[in-house]
Every structure is written in structure tokens, then in C-alpha cells.
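Structure, as C-alpha cells:
Residue numbers (our numbering): 3 to 135.
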């Protein structure tokens, strides 16, 4: 007997997340989403192996990947081979101890993402049109 009850994705605690789902917020990184983002900067949230694999894949398709991780180091939660591949990619920036605090845009189109460094409290806003969770 197989019971397929569906998937439930981890959601950000951001008030207007639903506004951008389906157009600018993605829960997987397939070739379809990669084409939508070609040569752009994207943000990716996570520090596990799935996030690492997505970051490496997207780095070959997009201009830049900003990888946001709540923990202090990818080494705490990600396989060493993925950490090494991420470190070898010049277009992946890893921001540790960082969490998204706001999404900005018009209608269903994401335009900017704001995040906060949990250690310093510093907030940064960047022009990003695609966010991967």
C-alpha cells in the first residue's frame, strides 16, 4: 500500500509571501524555473543538501545565486562535497546567520528581497525577482 499525501513546503514567515507564489517564489529548481531566471541574480533559502544541490544547479544557469542560511555555517547541515562545490562557484554568495524579513514588489512580481543578519542586525535590500525556498 502506498499513501501519497502530497508535499508541504517550509514557508517563510513573511506577510505577503502568497502574493508572489507561482510567479516569483519557487519551491523547486528545475530547468523551467532556471530559464525564467537566466542571467539574473536569484536568492535561495536553505542550508541542507537540497538547497546545496539547487544552488549548484542554478549557478550554471543564472547570473548569481545568493544562498541565505540561518545557521552559522553550511558545514553544520550540508554534505562536504556540496560545500566544496559551492565554494568553488564564483557566482554563489553564501550569507550565514541570515533570514528574509520582507518581500517587495507589484502585483505578483517580486522586485526586491530584504534580509537581516541575525548576528549584527544589519538589513540589506537587493533587487531580486526570483526566490527559491
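The C-beta atom is built at its ideal place from N, Cα and C for all residues, glycine as well.
This structure is a prediction, so every number in the text was calculated from the model and none was measured.
Under a Cβ-count criterion, where at least 16 other Cβ atoms within 10 Å of its own Cβ denotes burial, should residue i be classed as buried or exposed?
{"i": "residue 54", "result": "buried"}
{"i": "residue 123", "result": "exposed"}
{"i": "residue 34", "result": "exposed"}
{"i": "residue 100", "result": "buried"}
{"i": "residue 26", "result": "buried"}
{"i": "residue 71", "result": "buried"}
{"i": "residue 48", "result": "buried"}
{"i": "residue 30", "result": "exposed"}
{"i": "residue 20", "result": "exposed"}
{"i": "residue 68", "result": "buried"}
{"i": "residue 45", "result": "buried"}
Leaving out the 5 sequence neighbours to the left and right, which residues in its chain are closer than 7 Å to residue i when beta-carbon positions are compared?
{"i": "residue 42", "result": "64, 65, 131 and 132"}
{"i": "residue 18", "result": "105"}
{"i": "residue 38", "result": "132"}
{"i": "residue 57", "result": "46, 67, 69, 88 and 94"}
{"i": "residue 98", "result": "71, 73, 74 and 75"}
So for residue i, helix, strand or coil by DSSP?
{"i": "residue 54", "result": "helix"}
{"i": "residue 133", "result": "strand"}
{"i": "residue 17", "result": "coil"}
{"i": "residue 64", "result": "coil"}
{"i": "residue 106", "result": "strand"}
{"i": "residue 78", "result": "helix"}
{"i": "residue 99", "result": "coil"}
{"i": "residue 87", "result": "helix"}
Tell me which residues share the same chain as residue i and place their Cβ nearer than 6 Å to its Cβ, disregarding the 5 neighbours each side in the sequence.
{"i": "residue 93", "result": "61 and 66"}
{"i": "residue 107", "result": "113"}
{"i": "residue 127", "result": "114 and 116"}
Taking 8 Å as the CB-CB limit, is residue i close to chain B?
{"i": "residue 77", "result": "Here there is only one protein chain, and chain B is not present."}
In chain order, what residues of the same chain lie with their CB nearer than 8 Å to the CB of residue i, ignoring the 5 residues before and after it?
{"i": "residue 103", "result": "16, 116, 117, 118 and 125"}
{"i": "residue 59", "result": "31 and 36"}
Contained alpha helix (DSSP H) runs [length at least 4] in the segment 20-52, N- to C-terminal order: 33-38
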